[in-house]
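Q:
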Amino acid sequence: MHHILALPILFPILAGAVMLILRPAGRRHRNLFLMASVLLTTAFSLTGILLSYRLGGDALTCVLVSFSTWLSISLKIDGLSMVYGTIVAVLWPLITVYSILYMEHEGQENRFFGFWLISFGVVNGIAFSQDFLSMYFFYELMTLSTLPLVMHAMDEKAQYAGRKYLVYSISGASFAFIGIVFLLNYSSSLDFTYGGILDAAKTVGAENTLLVVFICAFFGFGVKAAIFPFHGWLPDASVAPTPVSALLHAVAVVKAGAFAVARLIYYGFGADFLRGTYAQTVVMTATIVTIIYGSARALRTPHLKRRLAFSTVSNLSYILFSLTLMTPGGLAGGLTHMVYHAVIKITLFACAGAIIVKAGREYVYELEGMGSRMPVVFGAFTVSSLALIGLPPLGGFAGKWMIAEAAVDTGESLAYLGIAALILSTLLTTLYLMTVIVRGYFPVGQLDMEALETIHDPGRMMTVPLALLTALGVVLALCSNTIIHFLQMVSLGIV
Amino acid sequence: MLLILPILIPVIGGIFVFRQKNEQIRNRMVLCIAGVTAALAVLLCLLPEQTVELMTIQGALRLSLQNDGLAKFFMALVALIWLPVAVFSFPYLKHAGGERKFLSIYTMTQGILMGLAMARNFITMYMFFEMMSMLTMPLVLHNGTPAARRAGFQYLGYSVFGAGMALAGFFVLAYYEALPDFVAGGILNPILASQHRELLLAVWFLMVVGFGAKAGMMPMQSWLPAAHPVAPAPASAVLSGVITKGGVLAIIRVTYYMFGPKFLAGSWAQKALICLALCTVFVGSMLALREQQFKKRLAYSTVSQVSYVLFGLLLLTADGVKGALLQMVFHALAKDTLFLAAGAIILSTNFSRVDQLRGIGRRMPVTTWCFTLAALSLIGIPPMSGFVSKWYLASAALESSISWVGAAGVAVLILSALLTAGYLLPIVADGFFPGADFIAEIKEVGRGMTVPMLIFAVLAMALGIFPGLLLRPVEALCGLIF
Amino acid sequence: MLETLMINRFSITAAILFGIGLLNVMVQKNLIKKVVGFNIMDSAVFLLLASLGYVEGSTAPIVGEGAVDAAQYINPIPSGLVLTGIVVSVSITAFSLALIQRIYKRYGTIELDELMERAKKEVD
Amino acid sequence: MRPFVENFPFFCIFLAIVGGILSAALRRGRIAWGLTLGICAADFFLSAAVLAYTFINQLSFTYTMGRFQAPFGNAIQAGPWQALMAMVFSSVMGLSLLGGARDLFRDVEPSRQPMYFTMADMVLASLLSLTYTTDVFTGYVFIEISTIAACALVMAKDTGTNLIATLRYLFMSLLGSSMFLLGLVILNSVTGHLLMSPLAESVARLAETGKYEIPLTVALGLMTAGLGVKSAMFPFHMWLPDAHGGATAASSAILSGLVLKGYIALLIVLMVRVFSLELLMEIGITNILLAAGLMGMVMGSLAAMREHHIKRMLAYSSVAQIGYIFMGLGLGTTAGLAASCFHILVHACCKPLLFLCAGRLSAVSAHHHSLKNLRGSAYRDVVAGVGFTVGALSMIGIPLFGGFVSKLYFATASLHTGRMAAVLLVIALSTLLNALYYVPAVLSIWGIAPEELKAEVREHTADEERAVDRLFIAAAAALIIGVVVLGILYHPVMDVLNLGLSLLK
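Residue numbers (our numbering), protein chains in the order written: chain G, 7 to 501; chain X, 10 to 491; chain L, 2 to 125; chain H, 876 to 1380.
#1: What residues in the stretch 298–316 of chain G have a beta carbon less than 7 angstroms from any beta carbon of chain X?
#2: Between Ile325/G, Val245/G, Phe265/G, which lies nearest to Glu162/G when the distance is taken from Cα to Cα?
#3: Could you round the C-beta distance between Met1030/H and Thr1041/H to whole angstroms and report it? I think they count as a contact, below 8 angstroms.
#4: Please list, in chain order, all residues of the same chain as Asn31/L whose beta carbon is under 8 angstroms from its beta carbon, the five residues on each side excluded.
#5: For Val289/G and Ala231/G, which I take to be in contact (beta-carbon distance under 8 angstroms), what is that distance rounded to the nearest angstrom?
#6: If you reduce the DSSP assignment to three classes, tell me which class His1184/H lands in.
#7: Relative to the C-alpha of Gly219/X, which residue among Leu298/X, Ala175/X, Gly415/X is closest?
#8: Taking 8 angstroms as the threshold (C-beta atoms), are Phe220/G and Ile233/G in contact?
#9: Could you tell me whether the Cβ of Pro1325/H comes closer than 8 angstroms to any Cβ of chain G?
#10: With a threshold of 8 angstroms on Cβ separation, who are the neighbours of Leu453/G within its own chain once the five nearest residues in sequence on each side are excluded?
#11: Would you identify the three-state DSSP class for Phe936/H, choosing helix, strand or coil?
#12: Just tell me which of Leu66/G, Leu61/G, Phe39/G has its CA closest to the CA of His9/G.
#13: If you draw a straight line from the alpha carbon of Ala264/G to that of Asp278/G, how long is it in whole angstroms?
#14: Is the CB of Val187/G under 8 angstroms away from at least one CB in chain H?
#15: Starting from the Cα of Ser391/G, find the closest Cα among Leu314/G, Val250/G, Asp205/G and give me that residue.
#16: Could you have a look at Met134/X and say whether DSSP puts it in helix, strand or coil?
#17: Between the Cα of His205/X and those of Tyr272/G, Gly417/G, Ser378/G, Ser58/G, spot the shortest distance and give me the residue it belongs to.
#18: Just by C-beta distance, which residues in the stretch 89–106 of chain L are closer than 9 angstroms to chain H?
#19: Is Ala406/X near Gly415/X, with beta carbons less than 8 angstroms apart?
#20: In three-state DSSP terms, what is Ala315/G?
#21: Take every Cβ of the stretch 381–398 of chain G, pair it with every Cβ of the stretch 351–362 of chain G, and state whether three or more of those distances are shorter than 8 angstroms.
#22: Using CA coordinates, which residue listed in Asp77/X, Gly68/X, Gly166/X is at the minimum distance from Leu55/X?
#23: Could you say which of Phe1230/H, Ile1143/H, Val1144/H lies nearest to Ile1185/H if we only look at CA atoms?
#24: Could you tell me which chain L residues have their CB closer than 7 angstroms to the CB of Asn1248/H, listed as they occur along the chain?
#25: Got a sec: which bits of the stretch 35–55 of chain L sit with their beta carbon under 8 angstroms from any beta carbon on chain H, in order along the chain?
#26: From this set, Ala1238/H, Ser986/H, Gly1207/H, Ala1259/H, which residue's C-alpha is nearest Leu1228/H's C-alpha?
#27: Residues in the stretch 257–281 of chain X with C-beta within 9 angstroms of chain G's C-beta atoms, listed in sequence order?
#28: Here's a check: name, in chain order, each residue in its chain whose Cβ is nearer than 7 angstroms to the Cβ of Leu70/G, leaving out the five neighbours to either side.
#29: Starting from Arg1235/H and walking both ways along the beta strand (DSSP E), at which residues does that stretch end?
#30: His1366/H versus chain G: which residues are under 7 angstroms apart at the beta carbon?
#31: For Asn1037/H, does the count of other Cβ atoms within 10 angstroms reach 16, so buried, or fall short, so exposed?
#32: Output, in sequence order along the chain, the residues in the stretch 438–453 of chain G whose CB is closer than 8 angstroms to any CB in chain X.
#33: Using a C-beta cutoff of 8 angstroms, does Ala477/G count as contacting chain X?
#34: Thinking C-alpha only, which one of Leu86/G, Leu420/G, Ser72/G, Val129/G is nearest Thr283/G?
#35: Leaving out five residues before and five after Cys1026/H in sequence, what residues of the same chain have Cβ atoms less than 7 angstroms from its Cβ?
#36: With a 10 Å radius around its C-beta and 16 neighbouring C-beta atoms as the bar for buried, classify Ala485/X as buried or exposed.
Next comes the structure, spelled out in structure tokens:
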């Protein structure tokens, strides 16, 4: 009963290992095995989430490995875990279906899907870990298990990207490690507790050191969330196969960074300890800079996937900015944007991938007049773009609204600056997405028609997930009130 | 439920229009949809106020519609303009090409505008406002040249940025609201608001400037002259006839239905904005005078004329609002006539510069007559309608509580009227009296294009002679606000 | 001045010897000479060690006929250490000489720099 | 009457020496090999018994050989710490010989094989005595013995490069040992003692009276530096890559897993029992150690990043790991010492594993050593691949593996010293650097080899190489278990170490 929490982590890892070792030759068998294990994992993790929602997290904790009385790798599902875990569990199968067709033109599917499964388990581990040590453990594992996915093509560019990814992530993790060592020594237990775990008796006199360490750890985890100036790996990582960019570099990995930052602020150092300190100013400034920088670079990037990657950079900093407000409202805002951005951005990437597969076109200026040739793909792209731009009632707006409200609540000048940054970035977002759409639907100049004639929507294995993802985005947006209410409960530590 | 129809019918209809290959059927379809929507709008204008909830985004943040006085007024305006322009666009587009895209978007836009009019709170309005910007952009870049695309993105950028400024303002404002929905006379929470008056004034300034971008107010007016020359004539007609008024509508909502005139009257923000408006009026006319390209000249004239409206609104007095609303309608009529005429001229002669238009009156008498009437109305010569609105504006300016506004306002109005005469009448004069040596054969455009022009021109004159038709509802509206 | 020299003569000599040995180890290119250098260093240390145990005018601690009190003997422990040390250094020397011989058999030289370049040649 | 178990430490050393002599007399290598393995096993169990005895009774005892009292007799002191070290040393020695057997019997020519095992036994003997001895001079003697033995192990694989490597190694360590000897003599001259306990007292007395300050400082400095040179402390590490990179797998494993650690063990004993940390802190030797350690951590990894020869890479990474240990010593706190001891254990399990697996991997791919040509070799011997991966992960410091725990303890130990920032930053940096060469290595051994490479390997690899190597599998499994156990059940180990260190005084 307790060990149901171990299932969504261990099962896919085992399945992945099996696939890596057995290397099934037949495509059908592999895909069956793959889908079966992914769906099972999703089922497991959703069951775990539901159960611990019904029974309360404490009813359902599980110790994987116990080092000592006060250090262990253990699992527990609290509100934050539910949010992140659900996002992952829902999106993973959809993209898996999509990637089955996609990977046919990339090759080496066994290795790919093996690590794909393993990463699923590891990401679940991050979501469900109960304390900082466990989270750090899975965090490191995530870097290692996703690295082969990034380097999949194994050509020069991929190798370079992989190296860069490795450097950034490991160095980030090792800075985070410093933070964890301090938490270990200035608190009585590493278990996540809402409001922070610092032990007031121990911290007396060491506040300044702790603030410095917090900044260290923030940027350490922030590396995964691509915060300026440590964002460099993300755009380069877009050489990876599109499912990877879509799922890992728009949702799982980068959101894991944001998730970890949320843990760090609200469950580690404690928002009250940090609010109003220079540390807050530093990190918030960094996020604001990133918001602008990301969208500005996106506007100037012609390569579609890189452009989307830069847009991810900026949108992640929406989340981080909201988190650095150090108020429950801020946490709620961050979570809201986390949810909606996940669904929207994954769809956008999937569309880009579909275009690459069917038309082999990667640059924005190559997309003239393809809107009418690939109606489904471009339809999905358009809807998601509008959502990301933040056109009510679509998803992006809810996130912006929550963030901005939280910012106004704090009434700090820097927070107002953040709102300005949000608006400016909205403008840039509109431009860098509308240019794509407009080129697609309203071509300019001479098109070589016979090239266009050959392009069509991809097969059902791709279009159905696309449609589903888009629909999911819209539906989530339509029931935003309920969702946001839940997220607010989470951010108050009630759930 | 009835409120949703005028939005849904065109939006869904637009899709069918796009899918319809047969031209005849398509055109009839467009006409039907526009007609039905117009009919619904009129019906809603007659019906008592009602509201409908669409959805809740979060807490008090709801999407909902209502048909209050202002909504009725704007819907009527849209309904009035849309059908004739549609008729005009059929023959025009035969030459321009790409009818399907144009017509479907054109149809959808009508629905969005209805939504904009009926928006019950800021978020709903913001939503329709953004939709409007994005949907009308393709109209601008219709002819598919790089220049057109540049203009299109300039237009989009300005609108979105403006709307964004307004949104930022709203984020702050939402904190000080007592009620979630628009109410005539303002919804601020008096205690909170009085504590942070300066902040709120800054916010108001921000929001007005932001929406002002759409209405072509300085400093963000430069999309208008860029967009109009490249856009097809019907598009320019609705752009400067109606879409710019969308910005005006938003400003009215913000000023009179969220902040409320009592809170704003006499503040530094008001003075600053009035200055901006007057500057725009003057500079617009000046630029129009210096501009040689025909449609660009009209675009500049739009810049200055719409700022008349803003000037009226910013006076924050009943007469000011009255004059502003009248000016909205009259300018819409006149300017549409002008643009349609311009379109007709360019189509049959493809002259695009003013100095080429010598003797145009001989070639295209009907068009030129319509042009003349509209021009007179725009200058504000009795008995044309333009005179009425400008009269109200001037008197409102004189009664204004702020000392210098009266003098400055009147001065600028007169000056700009002279300039308007200066940049419109020469065309007419040269058109009719090109000199003895000029020989030209009549090359009038077809009835499909002349009739809409005639309708607008006649209306522009009729409303000038019987202003009572429009005055009564407008006064009722002002009564609600003050 | 002279007193101190006289008193510390052993240690001074030892220091000088050690320096010489070290210098040899560092600068000599010839492997054999290097080994010799090590030997010199070692003997310097042994000298020092022995001198520590030496007491002016007393004899080696060998119990002859008739009991003699311990005051006449020198401290035996350092001598014992020296013996051990000598054994160690001899064995080390033997080992290194053997090694050098092997190297000479293989490369035909015991000059360090030549050796290095020949080895490099061999590698490529 | 003292309990019989107190004889075991002496038995361990004695067994090793006897084994050495015997195997020198033997004809066939296989038998000598078996004998040595047996001795290692015996030592392991004996030390385990001692550990149990001392840990349960929380004592450390002195055993005088033949009842001759000091200063004439030779004594052994055994406590939990010594016992644990001895246990790990003997077991790892045995495992290395076990796992490297196949390479060994190929690389070393039959006539020399018995001698090889003699040397191995000698190394074991000297390691044990270095940990157990109470007499600094005995320490010196065994230092020299282990030097000779280690050199012999290196040159056992009779290639030119190895000879030269041995030469450099020999000269370097001779330098180190004579430095140590000189320091020893000076110390003796100012104190008049060689046994540790009286030495400690008089050193303490000198320290507080401030008499003979300079000779004392020089002596301590020389001894520390000498041991540092022999255990490849940063500036003196140049000899290490050649020596460890060239030798046969078993030798490399023993050398970088054990021999280096022996000297460090002696150094720790001296630091704790004789010099006392406070004194070292006062005269600033710890700072030098710390600096050397930090430099070593960075420089070693940087050098390793430039290497493509897998075994040389591992050798350089040893330099970095030794740097960790010296950093711990340099913190000058008991916590730091404990962390260092733990890291000794971790590295003693981890590095032999890596070396054995590397040897195996290159054996199954036509004895290629460059990472480029090892692509896909992990599929040819999965156990070796897994072992290498585990070792690498532990080196990077992923939780569940020993490396992480020692990293954690180092960081924690650094917290309340003045040098926190530097230590933490360097730890972070070196983690990154480790990842930078270990992860690509792992990726390339698990990578997909190009066809021509596959073909080339297929034709140049002998069948007996390709055959499954059971001994290796056993050894690798044991070492992997060791690494993981140290990573998970580290708490009891830490308790033993702390107790042992406190009893060492």
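Virtual Cβ for every residue (Gly too), placed ideally from N, Cα, C.
A: With the given structure in hand:
#1: Listed by position, the residues of the stretch 298–316 of chain G near chain X (Cβ gap below 7 angstroms) amount to none.
#2: Position 156 of the first sequence holds residue 162/G. For Glu162/G, the nearest C-alpha among the options comes from Val245/G.
#3: On the fourth sequence, residue 1030/H is found 155 positions in, with the first residue counted as 1. On the fourth sequence, residue 1041/H is found 166 positions in, with the first residue counted as 1. Distance from Met1030/H to Thr1041/H at the Cβ level is roughly 4 angstroms; contact confirmed, criterion being Cβ atoms closer than 8 angstroms.
#4: What you label residue 31/L is simply residue 30 of the third sequence in a count that begins at 1. The answer, listed in chain order, is Ile111, Glu112, Leu113.
#5: Position 283 of the first sequence, counted from the start, is the residue given in the question as residue 289/G. Position 225 of the first sequence, counted from the start, is the residue given in the question as residue 231/G. Separation of the CB atoms of Val289/G and Ala231/G is rounded to 11 angstroms, and the pair is thereby denied contact status at 8 angstroms.
#6: As a first step, residue 1184/H must be located in the fourth sequence, where it is residue number 309. Three-state DSSP puts His1184/H in a strand.
#7: On the second sequence, residue 219/X is found 210 positions in, with the first residue counted as 1. Checked all of Leu298/X, Ala175/X, Gly415/X; the closest Cα to Gly219/X is Ala175/X.
#8: On the first sequence, position 227 is the one that residue 233/G refers to. On the first sequence, position 214 is the one that residue 220/G refers to. Contact flag unset, no.
#9: As a working note, residue 1325/H is residue 450 in the fourth sequence. No, because no Cβ of chain G sits closer than 8 angstroms to the Cβ of Pro1325/H.
#10: Locating residue 453/G in the first sequence gives position 447, counting from the first residue. Answer for Leu453/G: Glu374, Gly375, listed in chain order.
#11: As a position in the fourth sequence, residue 936/H is number 61, starting the count at 1. Reduced to three states, the DSSP call for Phe936/H is strand.
#12: In the first sequence, residue 9/G corresponds to position 3, counting from 1. Ranking the options by Cα distance to His9/G, first place goes to Leu66/G.
#13: Taking the first sequence and counting its residues from 1, the one referred to as residue 264/G is at position 258. Taking the first sequence and counting its residues from 1, the one referred to as residue 278/G is at position 272. The straight-line gap from Cα to Cα measures roughly 19 angstroms.
#14: Taking the first sequence and counting its residues from 1, one reaches residue 187/G at position 181. It does; some Cβ of chain H falls within 8 angstroms.
#15: On the first sequence, residue 391/G is found 385 positions in, with the first residue counted as 1. Cα-wise, what sits closest to Ser391/G is Leu314/G.
#16: Here residue 134/X refers to the residue found at position 125 of the second sequence. Helix at Met134/X.
#17: Mapped onto the second sequence, residue 205/X falls at position 196. Checking every option, the nearest Cα to that of His205/X belongs to Gly417/G.
#18: Val89, Ser90, Ser92, Ile93, Phe96, Ser97, Leu100, Ile101, Arg103, Ile104
#19: Numbered from 1 along the second sequence, position 397 holds the residue referred to as residue 406/X. Numbered from 1 along the second sequence, position 406 holds the residue referred to as residue 415/X. Yes, Cβ-Cβ distance for Ala406/X and Gly415/X is below 8 angstroms.
#20: Walking along the first sequence from the start, residue 315/G turns up at place 309. If DSSP states are grouped into helix, strand and coil, Ala315/G belongs with the helices.
#21: yes
#22: As a first step, residue 55/X is located in the second sequence; it is residue number 46 there, counting from the start. Of Asp77/X, Gly68/X, Gly166/X, the residue nearest in Cα terms is Asp77/X.
#23: Position 310 of the fourth sequence, counted from the first residue, corresponds to residue 1185/H. The shortest Cα separation from Ile1185/H among Phe1230/H, Ile1143/H, Val1144/H belongs to Phe1230/H.
#24: As a working mapping, residue 1248/H is identified with position 373 in the fourth sequence. Within chain L, no residue comes near Asn1248/H; the closest Cβ sits about 17 angstroms away, beyond 7 angstroms.
#25: Flagged, chain order: Lys35, Phe39, Met42, Asp43, Val46, Leu49, Leu50, Leu53.
#26: As a first step, residue 1228/H is located in the fourth sequence; it is residue number 353 there, counting from the start. Answer by Cα proximity: Ala1259/H.
#27: none
#28: Indexing the first sequence from 1 puts residue 70/G at position 64. Within the same chain, Leu70/G has close Cβ partners Ala12, Ile79, Ser80, Leu81.
#29: Position 360 of the fourth sequence holds residue 1235/H. Careful: Arg1235/H lies outside any beta strand (DSSP E), inside the alpha helix (DSSP H) at 1209–1239.
#30: The residue you call residue 1366/H lines up with position 491 of the fourth sequence. Residues of chain G passing the Cβ test: Phe73, Ser74.
#31: Along the fourth sequence, one-based indexing puts residue 1037/H at 162. Label assigned to Asn1037/H: buried.
#32: From the stretch 438–453 of chain G, only Met440, Thr441, Val444, Tyr447, Phe448, Pro449, Val450, Gly451 have a Cβ closer than 8 angstroms to chain X.
#33: Your numbering for residue 477/G matches position 471 in the first sequence. Chain X places no beta carbon closer than 8 angstroms to that of Ala477/G, leaving this residue out of the contacts.
#34: To locate residue 283/G, count along the first sequence from 1; it is residue 277. It is Leu420/G.
#35: Counting from one through the fourth sequence, the residue named residue 1026/H turns up at place 151. Hits under 7 angstroms: Thr1041, Tyr1044, Leu1045.
#36: Indexing the second sequence from 1 puts residue 485/X at position 476. Exposed.
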